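Notes follow the structure.
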Amino acid sequence: MAKHVLVTGASGFVGSRLAEALVADGHRVRAMTRRPDGYDGAGEPMAGDVDDPASLSAALTGIDVAYYLVHALGSDDFESRDADAARAFGVAAAEAGVERIIYLGGLGDDDGTLSAHLRSRREVETLLGEAGVPVTVLRAAVVIGHGGIS
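Under our numbering, the residue at position 73 of the sequence shown is numbered 216, and the numbers go up by one with no gaps.
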């Protein structure tokens with residue numbers, strides 16, 4: 144059965160390929176990006192930014208499943224930014240009636256040896272679901288493919 148799916152980070156390495164695969168499988172894809180005018184990938188481009196709750200509400204309206212592929216690794220305060228973004232997204236998803244959030248995290252043992260980046264990813268796994276939307280977590284190692292690395 145076709146679903147209404149939101150792909151955050153749709154212009155990124157993983158998100159662009161995911162949106163294309165979901166469309167090919169017959170799903171109705173909304174591709175959330177901060178710059179929809181420049182988006183040329185699969186799905187319907189939708190303006191959205193995890194720092195803007197109103198844009199999240201609009202992007203999540205009518206969505207069954209949301210893929211969360213967002214992280215703020217490029218900033219010095221990425222841990223707090225990732226946490227704030229995950230909380231905001233989880234709340235907006237709950238308010239919009241989203242059935243499930245699917246999150247791509249990273250591999251690593253939970254034994255205290257995780258890098259700051261992976262610790263932040265683990266925290267996001269929990270924070271996304273605090274507002275009540277079930278979260279499915281996929282943990283990947285380094286993703287390498289034609290055209291990039293993630």
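Virtual Cβ for every residue (Gly too), placed ideally from N, Cα, C.
Given the structure is predicted, the values throughout are model-derived calculations rather than measurements.
Among Ser154, Tyr182, Gly155, Met144, nearest to Arg171 - alpha-carbon criterion: Of the candidates Ser154, Tyr182, Gly155, Met144, the one whose C-alpha sits nearest the C-alpha of Arg171 is Met144.
Buried versus exposed, by CB contacts within 10 Å (16 or more), Asp225: Answer is buried; the Cβ neighbour count reaches 16.
The segment 270-281 in contact with the segment 233-242 per 3-pair CB rule at 8 Å: Yes, they touch.
Alpha-carbon to alpha-carbon, Leu247 and Val285: Spanning the two alpha carbons is a distance of roughly 11 Å.
7 Å Cβ cutoff met for Val150 and Tyr210: A contact, by the Cβ cut-off of 7 Å.
Extent of the continuous beta strand (DSSP E) to which Glu238 belongs: Annotation for Glu238: no beta strand (DSSP E) segment contains it, though the alpha helix (DSSP H) segment containing it runs 221-239.
Three-way DSSP call (helix, strand, coil) for Ala303 in this model: Because residue 303 is not part of the residues shown, which for the chain are 144 to 293, the question remains open.
Residue closest to Arg264, alpha-carbon to alpha-carbon, out of Ala162, Asp227, Met175, Ile206: Nearest of Ala162, Asp227, Met175, Ile206 to Arg264, Cα basis: Asp227.
Coarse secondary structure for Val285, derived from DSSP in three states: If DSSP states are grouped into helix, strand and coil, Val285 belongs with coil.
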